[in-house]
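S.K.:
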Amino acid sequence: MDQLSPTTRFRTGYLITNAACRRYHERGMKKSFKGIQPDPQFSLHRRPNESEEQWQRRYDSIRHSYECEMSGIYSGLFLYVHNKASPEIRTQLVIPHLMHRVERCPSHGVCMRKVCFVPTGRGSPNEPESDLDRDRLQLFIQGYNTLIRDPERRASAGLTEADFTFVRLPESEIFRPTFWNNKVREMRTADRAAWDLYGLSRPEFAYMYLRR
């Protein structure tokens with residue numbers, strides 16, 4: 001693994017569990033997942049003469065690929081939900097990013113891990129979670145939950161703090177969403193509160209997200 005440079009930029013924020021993403025989109029937003037590859041937990045059978053250990057390694061590898069694929073799908077669904085919201089709401093909602101991290105997996109060597117990530121600030125590799133990070137997370141949770149119109153579904157499928165884990169990521173591990181043209185226009189004229197949510201100054205935000 002490459003060592004990080006002392007000058008590497010870090011973003012603070014939160015990883016969202018895939019289970020929470022699935023719950024939000026499937027039960028909250030009534031998104032159908034028919035036709036998507038089923039969870040290998042329910043579809044992977046042991047081959048003839050395959051040992052428990054061999055099956056477990058194969059399962060771990062397939063399961064990892066499945067979770068990475070689903071993270072990408074959830075990220076795209078959040079972008080779709082965001083763009084369906086009204087302009088007034090869109091400028092108050094951060095679009096989830098994706099963490100892309102190369103890791104060593106015990107069962108199958110080096111692998112890529114992908115997880116939905118909500119940026120909330122900037123800092124050092126040891127930056128602690130701040131009140132500002134927590135406040136921005138609450139705005140994210142409340143904002144996306146309000147898009148679930150049915151109160152009962154919102155209560156049962158909405159996002160909660162327990163669905164998120166605080167992290168610090170180098171910029172190189174963050175895959176930023178591509179803003180649609182309407183989002184670019186909105187953010188170019190939005191007030192400071194809109195791009196503050198991403199934890200960046202206006203010039204930084206414009207350079208990273210609004211270039212065309």
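Counting from 1, one number per residue, gives the positions in the sequence shown under the UniProt record's numbering. The beta carbon of each residue, even a glycine, is placed where N, CA and C say it ideally should be. If you're wondering where the values come from, they're calculated on a predicted model, not measured in any experiment.
1. Hey, how far is the Cα of GLU52 from the Cα of ARG113?
2. Could you give the uninterrupted runs of the alpha helix (DSSP H) lying entirely in the region 71-136, keeping only those of 4 residues or more?
3. Which value, in whole angstroms, describes the spacing of the CA atoms of TYR24 and GLN142?
4. Have a look at ARG57 and ALA206 and give me their C-alpha separation to the nearest angstrom.
5. Starting from the Cα of VAL94, find the closest Cα among ARG211, GLU204, ALA193, PRO203 and give me that residue.
6. If ARG22 and LEU169 are in contact, beta carbons under 8 Å, what's the gap, nearest whole angstrom?
7. Cβ of GLY13 within 7 Å of Cβ of PRO128?
8. Classify THR165 as helix, strand or coil using the three-state DSSP reduction.
9. Which word fits LYS183, buried or exposed, when buried means at least 16 other C-beta atoms lie within 10 angstroms of its C-beta?
10. Can you tell me whether SER172 is buried or exposed? The criterion is at least 16 other CB atoms within 10 Å of its CB, across all chains shown.
11. Rounded to the nearest angstrom, what separates ALA70 and LEU197 at their Cα positions?
12. Using 7 Å as the threshold, is the C-beta distance between PRO177 and LEU77 below it?
13. May I ask you to list the residues that DSSP assigns as paired with THR12?
14. Quick one: what's got a C-beta closer than 7 Å to SER124's C-beta in the same chain, skipping five residues either side?
15. Helix or strand or just coil, what does DSSP make of PHE205?
16. Can you give the beta carbon distance from ARG90 to GLU186, rounded, assuming they're within the 8 Å contact cut?
17. Return the bridge partner residues of PHE175 from the DSSP annotation.
18. Excluding the 5 residues flanking TYR74 on each side, which residues of the same chain have their C-beta closer than 6 Å to its C-beta?
19. Among residues of its own chain, excluding the 5 on either side of LEU210, which ones have a beta-carbon nearer than 8 Å to its beta-carbon?
20. Give the secondary structure of PRO48 by DSSP, where H, G and I count as helix, E and B as strand, and everything else as coil.
21. Would VAL81 be called buried (16 or more neighbouring beta carbons within 10 Å of its own) or exposed?
M.R.: Taking the coordinates as given:
1. Cα atoms of GLU52 and ARG113: separation of roughly 25 Å, rounded to the nearest angstrom.
2. With a minimum length of 4 residues, the continuous alpha helix (DSSP H) runs that stay inside the region 71-136 are 87-90.
3. Approximately 13 Å between the Cα atoms of the pair.
4. Those two C-alpha atoms are separated by around 44 Å.
5. Checking every option, the nearest Cα to that of VAL94 belongs to ALA193.
6. ARG22 to LEU169, Cβ: 22 Å. No contact.
7. Not closer than 7 Å, so no.
8. Correct three-state label for THR165: strand.
9. Its Cβ being crowded by 16 or more others within 10 Å, LYS183 is buried.
10. A residue is called buried when at least 16 other Cβ atoms come within 10 angstroms of its Cβ; SER172 does not meet this threshold and is exposed.
11. Per the sequence presented here, residue 70 reads as Met, with Ala not at that position. Each residue's alpha carbon lies about 26 Å from the other.
12. In this structure, LEU77 does not lie closer than 7 Å to PRO177 by Cβ.
13. As computed with DSSP, THR12 is found in a beta bridge with GLY121, ARG168.
14. Counting only Cβ-Cβ distances below 7 Å, and skipping sequence neighbours, we find PHE10.
15. Helix, per DSSP.
16. About 6 Å separates the beta carbons of ARG90 and GLU186, which is inside the 8 Å limit, making them a contact pair.
17. In the DSSP output, where bridge partners are listed per residue, PHE175 has LEU98.
18. By the criterion of a C-beta distance shorter than 6 Å, TYR74 is surrounded in its chain by CYS21, CYS116, once the five residues flanking it on both sides are discounted.
19. Apart from sequence neighbours up to five positions away, the residues of its chain that approach LEU210 with a beta-carbon distance below 8 Å are PHE179, VAL184, MET187, ARG188, ordered along the chain.
20. Three-state DSSP puts PRO48 in coil, outside helix and strand.
21. Residue burial annotation: VAL81 is buried, with at least 16 other C-beta atoms found within 10 angstroms of its C-beta.
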